[in-house]
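Notes follow once the structure below has been shown.
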Amino acid sequence: MAGAMKIAHDQGTLLLDDVPAEHLSAFTEARIDPRVHRLRAPGHAYGAVLERARALDLLVDDDAIANARLASPELVGASALDTSQPLRPYQERAISAWDIADRRGLVVLPTGAGKTRVGLSAITRSKASTLIVVPTRALLEQWHQVLTRGLSTGIARFGDGAHELGPITVSTYASAMRNASAMASRFELLVVDEAHHFGDASMDEILETSTATRRLGLTATPPDGHAAARLSELIGPIVSDVAVKDLAGEWLAPFDQLLVRLPLMPRERAAYVEAQATFKAWVATLSVDRDRSFAELAREAQSSPEGRVAMAAFRRSRSLLALTAAKERLLGRLLDRHRDTRTLVFVGSNEAAYRIARRFFVMPITCDIGKDERARALQRFREGSLRALVSARVLNEGIDVPDAEIAIVLGGALSTREHVQRVGRVLRPSPGKRAIVYELVTEGTREGWVSQERRRGLEARGEALVAR
């Protein structure tokens, strides 16, 4: 195209050529790359670059990207899906807000409120080649099943041994990261499930390199601070934010949350105090010129014998709190009380999960359990032949847990985000259901502080999960 500004794709970035000199400053996303003496911009700026060029009445030649797009999908089940499963009012509001925001943005819905259904609606409305990225292989399989059942045949999978690309492709984060440049120019719509995993730079390359102009992020627990600003840049702003309290009782099950404070036995208390003192004494020897994250402390600890001893002491204190004698006794009583009710037990470590499994004959669901065995266990839980499951973090997200009514959270250092996800596992509604969430916290330890922070975080988002 003679006299046109040219856009080329180069390994996840854009190269801009023949930009009129008087308009160079308008393309703020681009910088001169001294290696090739050409303007270069991140892939995610593709839509913004096109919009800027149109505003300046510039002709644009972007065949290199346009020709790389996969064909639009044949959504053979789309009309049936829309009529047989109409969106709930809050889902419809969410997708409408996304439409109004030029189909870029983050939708925040509680676990169990149907985020996947919102994603399906975005795909059917866009009728565009779509990449869905998910954190786990379990979610990869779930999305593939839902897409195949609800929209079309021939939905492609990329991950867990599959390497398919199609008009609608679902990929794990890991596979999308390894193939970010190859996938970057193939799709028009990017759907990011569990979007709170992004924004901290560790996997942002998936979003940075993609030239998809339409983007939908789905999460129950949006990040804050720098990560929130980064997500707004890479996906779009929050366009809909619905809290648990807005849906509980109608679209989510009503529930009671009961906080139980428990003591440490004298020997446990002595061991805990000793371990904490060892760790704090080492931390006190460090320079205080800046705040350190725990990850930075852990890295620094490896550089000295004292640091390694201190980190070992910290791990002992955390392991001790994961399953104290008082927690174990109360857990036994709760499991007996709810022996006829489907119950999920959440603990802080795999070690604690296996101790509970052996002590109370409860099926563990951990990262060590293969997907086939896990699927059989979840099916038995669904059918009722298994009444309880125990997990460290595997059930937090990424697995479609059959309807459960009781959650028992054994304290620990889990964040507000993880706590919301765990509570959400028992909020899927059913006739006559009222869920109960027990939180077992050890008095006089960091668990009490963490529990208070979790509740403050929930209240800050308008989700005051209190006993009712």
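Numbering-wise, the sequence shown is residues -18 to 449 according to this note's numbering.
Here a beta-carbon is modelled for each residue, glycine too, at the ideal position from N, C-alpha and C.
Nearest-angstrom Cα separation, counted from residue j out to residue i
| i | j | result |
| --- | --- | --- |
| I81 | V220 | 9 Å |
| R310 | S183 | 40 Å |
| L215 | L188 | 6 Å |
| I13 | D(-9) | 14 Å |
| V447 | R242 | Residue placement at V447 is poorly supported in this model, since its pLDDT is 33, which falls under 50; the coordinates are not used for a value here. |
| K352 | V404 | 23 Å |
| L112 | L171 | 5 Å |
| G142 | Y419 | 39 Å |
| T347 | M(-14) | 53 Å |
| D237 | D185 | 37 Å |
| A306 | V422 | 12 Å |
| D(-2) | F362 | 59 Å |
| V114 | P67 | 24 Å |
| T(-6) | R323 | 50 Å |
| P70 | R415 | 22 Å |
| T259 | F275 | 16 Å |
| V290 | R374 | 27 Å |
| R409 | E10 | 43 Å |
| D384 | V30 | 46 Å |
| G217 | R85 | 5 Å |
| A367 | E386 | Residue identity check: residue 367 is Leu in the sequence provided, not Ala. Their backbone Cα atoms lie some 13 Å apart in a straight line. |
| D43 | R16 | 22 Å |
| Q283 | R250 | 27 Å |
Contact under 8 Å by Cβ, residue i with residue j
| i | j | result |
| --- | --- | --- |
| A34 | V41 | yes |
| L121 | T153 | yes |
| G429 | L391 | no |
| S77 | R195 | no |
| V225 | L199 | no |
| L37 | R19 | no |
| L370 | A358 | yes |
| L90 | A176 | no |
| H25 | S191 | yes |
| S300 | E332 | yes |
| A155 | G131 | no |
| S102 | P54 | no |
| R167 | V151 | no |
| A388 | W232 | no |
| G51 | G147 | Residue identity differs from the one stated: residue 51 is Leu in this sequence, not Gly. Contact: yes. |
| T426 | Y253 | yes |
Strand pairing of residue i, partner residues [DSSP]
| i | result |
| --- | --- |
| M(-14) | V41 |
| D14 | R19 |
| G140 | A143 |
| A47 | The partner list for A47 (beta bridge, DSSP) is empty, contrary to what the question assumes. |
| Q238 | V418 |
| P345 | V371 |
| G198 | L87 and V173 |
| F327 | S372 and V390 |
| I149 | T111 |
| A229 | L233 |
| S411 | In the DSSP output, where bridge partners are listed per residue, S411 has none listed. |
| S221 | V88 |
Nearest to residue i (by Cα), restricted to the options the options
| i | options | result |
| --- | --- | --- |
| A229 | V407, A(-15), S77 and L243 | V407 |
| I104 | V127, A303, I350 and G180 | V127 |
| Q402 | R320, T202, A385 and S191 | T202 |
| A(-11) | R21, E3, H4 and P15 | R21 |
| F8 | R296, L101, G28 and P15 | G28 |
| P1 | E32, P15 and L39 | L39 |
| R336 | F179, R318, A303 and H125 | A303 |
| R453 | A75, E255, T97 and R320 | Any answer about residue 453 is impossible in this case: the structure gives the chain only from -18 up to 449. |
| R98 | H178, A75, I136 and P412 | A75 |
| P345 | F327, M164 and S372 | S372 |
| S83 | H125, P204, S162 and E32 | The amino acid occupying residue 83 in the given sequence is Asp; Ser does not appear at that position. Nearest of H125, P204, S162 and E32 to D83, Cα basis: E32. |
| R318 | D222, K261 and I417 | I417 |
Check: residue i C-beta below 7 Å from any heavy atom of the ligand NAD
| i | result |
| --- | --- |
| L5 | Only the bare structure without any ligand can be found here, which leaves the ligand NAD out of the picture. |
(message) Could you check whether the region 335 to 351 touches the region 307 to 321, counting it as contact only if at least three pairs of C-beta atoms, one from each stretch, sit closer than 8 Å?
(response) yes
(request) Could you tell me whether the region 259 to 268 touches the region 197 to 211, where touching means 3 or more Cβ pairs closer than 8 Å? (result) no
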